Every structure is written in C-alpha cells, then in structure tokens.
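To convert a position in the sequence shown, counted from 1, into this note's numbering, add 43.
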Amino acid sequence: MKSETLPVKTAKIILTMLLYILIAEEQTISQWTNFQVFPTAFNQIEPTISRHQQNQQILFVSAYTINLNQRSEGTYFSTNGGLNWFGNDVCSGTPTQNHGGDPGTIIDKDGVFILTHLGNIQSGMFANVTTNYGTNWSANVSIQSNVDVDKGSPGTDDAPASSFYGRSYLAWTYFVSPFRIVMSYTTNNGYNWSPILNVNNGFGGNRSYGPAISVNPAGTLFITWASSIPNSPFTEDYIGISRSTNGGTSFDINENAIDINGIRTSQLTPWTIRANSFPVIDIDKTGGSRNGWIYIATTSKNLAPAGTDPDIVMFRSTDNGSTWSSGVRVNQDPINNGRNQFFPAVRVDENGGLNIIYYDSRNSADSVDVYLSRSDNGGNSFTDYRVTTQRFRPRAVSGAGGGNMGDNLGLTSGNGKLHPVWMSNQGDDVFRIWSAIIDYTTIGIEQISTEVPKNFSLEQNYPNPFNPETQINFSVLRSGFTTLKIYNSAGMLVKVLAEQDMKPGKYSAKWNAANEPSGVYFYTLETQGFKESKKMILVK
Numbered sequence: 044m045k046s047e048t049l050p051v052k053t054a055k056i057i058l059t060m061l062l063y064i065l066i067a068e069e070q071t072i073s074q075w076t077n078f079q080v081f082p083t084a085f086n087q088i089e090p091t092i093s094r095h096q097q098n099q100q101i102l103f104v105s106a107y108t109i110n111l112n113q114r115s116e117g118t119y120f121s122t123n124g125g126l127n128w129f130g131n132d133v134c135s136g137t138p139t140q141n142h143g144g145d146p147g148t149i150i151d152k153d154g155v156f157i158l159t160h161l162g163n164i165q166s167g168m169f170a171n172v173t174t175n176y177g178t179n180w181s182a183n184v185s186i187q188s189n190v191d192v193d194k195g196s197p198g199t200d201d202a203p204a205s206s207f208y209g210r211s212y213l214a215w216t217y218f219v220s221p222f223r224i225v226m227s228y229t230t231n232n233g234y235n236w237s238p239i240l241n242v243n244n245g246f247g248g249n250r251s252y253g254p255a256i257s258v259n260p261a262g263t264l265f266i267t268w269a270s271s272i273p274n275s276p277f278t279e280d281y282i283g284i285s286r287s288t289n290g291g292t293s294f295d296i297n298e299n300a301i302d303i304n305g306i307r308t309s310q311l312t313p314w315t316i317r318a319n320s321f322p323v324i325d326i327d328k329t330g331g332s333r334n335g336w337i338y339i340a341t342t343s344k345n346l347a348p349a350g351t352d353p354d355i356v357m358f359r360s361t362d363n364g365s366t367w368s369s370g371v372r373v374n375q376d377p378i379n380n381g382r383n384q385f386f387p388a389v390r391v392d393e394n395g396g397l398n399i400i401y402y403d404s405r406n407s408a409d410s411v412d413v414y415l416s417r418s419d420n421g422g423n424s425f426t427d428y429r430v431t432t433q434r435f436r437p438r439a440v441s442g443a444g445g446g447n448m449g450d451n452l453g454l455t456s457g458n459g460k461l462h463p464v465w466m467s468n469q470g471d472d473v474f475r476i477w478s479a480i481i482d483y484t485t486i487g488i489e490q491i492s493t494e495v496p497k498n499f500s501l502e503q504n505y506p507n508p509f510n511p512e513t514q515i516n517f518s519v520l521r522s523g524f525t526t527l528k529i530y531n532s533a534g535m536l537v538k539v540l541a542e543q544d545m546k547p548g549k550y551s552a553k554w555n556a557a558n559e560p561s562g563v564y565f566y567t568l569e570t571q572g573f574k575e576s577k578k579m580i581l582v583k
C-alpha cells in the first residue's frame, strides 16, 4: 500500500500544479479583439482619445506621427463607436511644418473638434479646429508662442449645470525656471484663447511637469501635476493639485497634496526608453452615490503601497479635493516581482466604474501588454484584465527625441463601451495606434465555447471556499436574455454579473468579493424558464 500511495499523491500534486498553470494562463488571455485604428507607414505614438458629449458614437483620436523627416499629428475619427475609422496622418492646419507632437483632443459641447499640439519650427502651444471631421482645419492658433513649453493637456467643461459649460482648457509646463504649470481657455470653440494664467507657484525648488485636467459636475476645474526634485533624474516627489471655481481665473493651490516616489528615468530597465510618473485624473459625473469623487492615478515605487518595481497607484478624494485617501495599488500581480507597470490612463465610465489601463510586463521579461484594472466599488479593490492579444517590446522611436516611445495611453467610454488606445510595434516594428472595444456591462463574462450545449446548466464555482475572487461557469442552450446574480445569506442582491442577451455556448464569469464580508453567498442563473442557484463561501 505504501508503495502505491506516493505515486498517487505525486500524481495529484502534478495535476493540481497543471490546473493552476492552466488557470493562470487562461487569466492572461485577452477577451477582446485588437485592431489598428489607421494603419500606415507612419510611426504613431502618444495616443489620445475623446468622445462626443451628445452622440457617444463619435470618437476623436490623435497621435504624434513621424515618417522619415516629417512630423505632425495624425487625426482619426469614428462615427460608429469605433467600428470604422477615417482620417489622416498629417494635420493640414497651416503652416503644416509647425506641428511638433504632444497632441491633445477636445470635442466641445457644440461638437467642434479641437486639436492642441506643440509647435515645431516655432516653439509654443498651438491649436487647430475642424467642424467637418478633418476635411478642413483652421490655421494654427497661437496659444503661447516663442517660449519653451511641454506636455499640453486639454479638457472641456461638459457639465450642463456649470456656469462655464462649454469652456475648454489647456494646461502645460512652462519650460523655464521655476517650471510652473500654466493654462489658457477658449470660449469660442478654440478659435481664440485667453491670456496665460499661472496654475501653481512652484514648491521648494521642485519642477512641475505633466499636467492633467478634469472638471466636476458643478463645473469646478481641477488641474494636477507631478512635482519633481530639481536635479537629475528629476524624480517625482509629490502630486500637486489646483482647484478653480471661476473657470480658471484663479486657483486654490496645493503643491504637495499627495506624496509619491516616481520612476522618472531616461532608461527604464530592461529597455532604453524614457518613463515618468505624470498623474492622470478623472471625476465621477454619473449622478450616483459617488458623484463628484476624484480619482488620480500615477506610477510609483519603493513607497507603499507600491513595491520595489514600478506599480500603478490610485488616490481618491470624496470631498472636492480637500483631502486625499491613502494610495491603493491598482495592478494585482504579485508585489515585488520585478515587473513594470507604467503610463496609466483613467476613465470613470457612465455606470460609475473606475477603469485604469497601463503597460504591463507581468507576462514577459522583455515585452509588455496593455492591462485594464477595473473597480466597481470606488477604487476599494480592482480586478485585472489583459487587453492586448499580442505583447510587444518597447523601444525608442527614431526622430521622436531621446528615448521617446511616447509617454501616454488614452481611454474614454460611451454607450456601455470602453475605448482604449495604445501604441504597439507588433508585426513590422512600426509603431501604430491600436484599440479594442470593451463592453464594460459584461466585463468579466467570457464566452469560452461556442459549441451548443445539450442543456442549460450552472456549475459550482471554483475555487470554493474562495478569497477574494472566484469563477462561475454556465451554459446557455438557446439565444435569449440571461441574468447571473449574487445574493447574500439574507437574500439581498449583492452583485449583477450578467444581465444581457446571450448566444448558445459556455460562459465563464468572475466575481471579486474583496469589498464583501466573509459568509455564505448564493448565485442564481435565470434564462428562458431555466432557473438554478448554488451556494458558495467567502472566507477571509
């Protein structure tokens, strides 16, 4: 008997290890089709995206475009929710030689498209305007010229209740000592801009870099930035934030609102690309229980909750920016694993979900994916999803500046969909803008087989007991409206995992219960006369 027990136990151990490997591998597979927005011979980097306020099918993407000695901003448009795209790699706003990248996109309340960018033959910040999807562009509108500037970040007041509804803003770094953040605004669709206004004063000799803008439901303007030490490598030391209740005329300034330890470098290991910890910001405008909450995400390391390698960290304010929470580590891979997460973009969707995308090397020592971390509880906890179907190896782009691969990704939402944009050189080593259409109403629900099952069925969740995430598989025999809901032991609805039309096949749903107490829960599948419930146990 003893001679037979060891092989049996060994076999069980091997099978268990294989099961964990298979589950882990399954979790790294993207659920969404990836596509190139506008494939050409141009390198397309620094992507940004905006969505029309009234018609959520209309999307506007821009990128810094480079081909041999030519530089410009590509402008790309979709009128059907990202299914099809048209545009051009070169903005025709004259002079065409004065387009130097760092593009920003705005679709204002009147549906006017505004492109902001650096100059090229003339230094400064400039804008171009189109009302016909880029068929014609205005000449360059000078916002600030003949000065050294960097990293323009646009935003628009899209709050109908605001006294400044429709006002559009641009903030950037005035690249002259003391390296302040400055801004300007337009009240006539980008054709004219206000005099330059100081957003901050500088702090302890630090330099201010990488501003980002958002406006709350009442029309209060928030501008955040990274406050970096004054000497090389200019590590980001704090996140500053300024608040204006009068349309940018004056600001309440907090130069050191949030303590961070950034990653600014000219050679992010193991690649030779520059990287930074410029913050990104978005505000909940849903009118729900978290209406007005402000979320800021950045990259940090060697300062909790970040580990010894670059991690994405989120901070939030529930009192209009007066105080800020402790940081929450966004990416859910093992801490201190030597892998990099960087260049976040953030979006609060129309259902109040908090979505953060970023580059992530968790699956490879030398290549990156794009990951989405999503929270439906205001940032208390996150679940990770791989967005990309193919990894790529970061590298600097020739002609883009020392070590530059592009410093940002883009993310917007509308009609129940997330629209991320990122750059990748997969395939032929030319960087192009890629995207995916992510249905956030069904995120975490994956069809794992299209084979028509013999009957409707609901499987036992695994693992069970679990902490904090579990997986539920079920089968749908016929096309129809299907719901999968979770209840606590008192019969109260805790979570709706699925509430949609489904085709025949086998499906897998994940539930992250990090924000729920230990106890017994029940999950119920209901579709076309079929109803079944099963019990599961959360143990913390």
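Cβ atoms here follow ideal geometry from the backbone N, Cα and C, with glycine treated the same way.
In this text the structure is predicted, and so the values were computed from the model without any measurement.
Original post:
Which one or two residues does DSSP pair with residue 411 in a beta bridge?
Top reply: 435
Original post:
Candidates 396, 319 and 238: which alpha carbon is nearest residue 337's?
Top reply: 396
Subject >> residue 267 classed as buried or exposed, judged by whether at least 16 other C-beta atoms fall within 10 angstroms >> reply: buried
Original post:
Does the beta-carbon of residue 517 have 16 or more other beta-carbons within 10 angstroms, so that it is buried, or is it exposed?
Top reply: buried
Original post:
Is the region 459-479 close to the region 369-376, with three or more CB pairs under 8 Å?
Top reply: no
**OP:** Return helix, strand or coil for residue 226, following the three-state DSSP convention.
**Re:** DSSP places residue 226 in strand when its eight states are reduced to three.
Original post:
Under the three-state reduction of DSSP, which class applies to residue 237: helix, strand or coil?
Top reply: coil
Original post:
residue 574 to residue 567, Cα distance in whole Å?
Top reply: 7 Å
Original post:
The beta strand (DSSP E) with residue 348 in it runs from where to where?
Top reply: From DSSP, residue 348 is part of no beta strand (DSSP E); its letter is neither H nor E.
**OP:** Using three-state DSSP, classify residue 67 as helix, strand or coil.
**Re:** Residue confidence for residue 67 is low, a pLDDT of 41 falling below 50, so the modelled location carries little weight; the figure read from the coordinates is stated next. If DSSP states are grouped into helix, strand and coil, residue 67 belongs with the helices.
**OP:** Count the other CB atoms, across all protein chains shown, that sit within 10 Å of the CB of residue 84; report buried if there are 16 or more and exposed otherwise.
**Re:** exposed
**OP:** Mark residue 563 as exposed unless 16 or more other C-beta atoms lie within 10 angstroms of its C-beta, in which case mark it buried.
**Re:** exposed
Original post:
Going by Cα to Cα distance, which pick from 119, 393, 550 and 398 is closest to residue 92?
Top reply: 119
**OP:** Could you say if the region 487-503 and the region 152-161 meet the contact criterion of at least three C-beta pairs nearer than 8 Å?
**Re:** no
Original post:
How many whole angstroms separate the CB atoms of residue 311 and residue 388, which I take to be in contact at a CB cut-off of 8 Å?
Top reply: Residue 311 to residue 388, Cβ: 18 Å. No contact.
**OP:** Report the rounded CA-to-CA distance for residue 502 versus residue 536, giving the unit in angstroms.
**Re:** Between residue 502 and residue 536, the C-alpha separation is close to 20 Å.
Original post:
What runs of the beta strand (DSSP E), each 3 residues or longer, lie entirely inside the region 278-361?
Top reply: The qualifying runs are 279-287, 295-302, 308-311, 316-318, 323-326, 337-343 and 354-360.
Subject >> Buried or exposed (CB count within 10 angstroms, at least 16 for buried), residue 409 >> reply: exposed
Subject >> residue 473 beta carbon less than 8 Å from that of residue 86 >> reply: yes
Subject >> Beta-carbon proximity list for residue 144, same chain, < 7 Å, skipping 5 on both sides >> reply: 89, 107, 114, 116, 160 and 161
Subject >> Endpoints, the beta strand (DSSP E) within which residue 269 is located >> reply: 264-271
Original post:
Does the region 92-101 touch the region 136-150, meaning 3 or more C-beta pairs lie closer than 8 Å?
Top reply: Note that the region 136-150 touches the region 92-101; at least 3 beta-carbon pairs, one per stretch, sit closer than 8 Å.
**OP:** Can you say whether residue 481 is buried or exposed, counting buried as having 16 or more other CB atoms within 10 angstroms of its CB?
**Re:** buried
Original post:
Can you give the Cα-Cα distance for residue 431 and residue 75, rounded to whole angstroms?
Top reply: 8 Å
**OP:** Can you grab the Cα-Cα spacing for the pair residue 579 / residue 428, in whole Å?
**Re:** 23 Å
Original post:
If you drop the 5 nearest sequence neighbours on each side, which residues of the same chain put their C-beta closer than 6 Å to that of residue 316?
Top reply: 437, 439, 446 and 448
Original post:
In the DSSP assignment, what are the bridge partners of residue 517?
Top reply: 501 and 550
Original post:
Does the region 343-358 come within contact of the region 294-311, defined as at least 3 CB pairs closer than 8 Å?
Top reply: Touching, yes.
Subject >> Spatial neighbours of residue 407 in its chain, beta-carbon cut-off 7 Å, leaving aside the 5 residues before and after >> reply: If we look at residue 407 and ignore the five residues flanking it on each side, its Cβ neighbours are 434.
Original post:
When the Cα atoms are used, what is the spatial distance from residue 402 to residue 572?
Top reply: 44 Å
Subject >> Chain-order list of residues whose beta-carbon lies under 6 Å from that of residue 195 (same chain, five-residue window excluded) >> reply: 145, 147, 159, 168, 213 and 215
Original post:
Are the beta-carbon atoms belonging to residue 190 and residue 217 less than 8 Å from one another?
Top reply: yes
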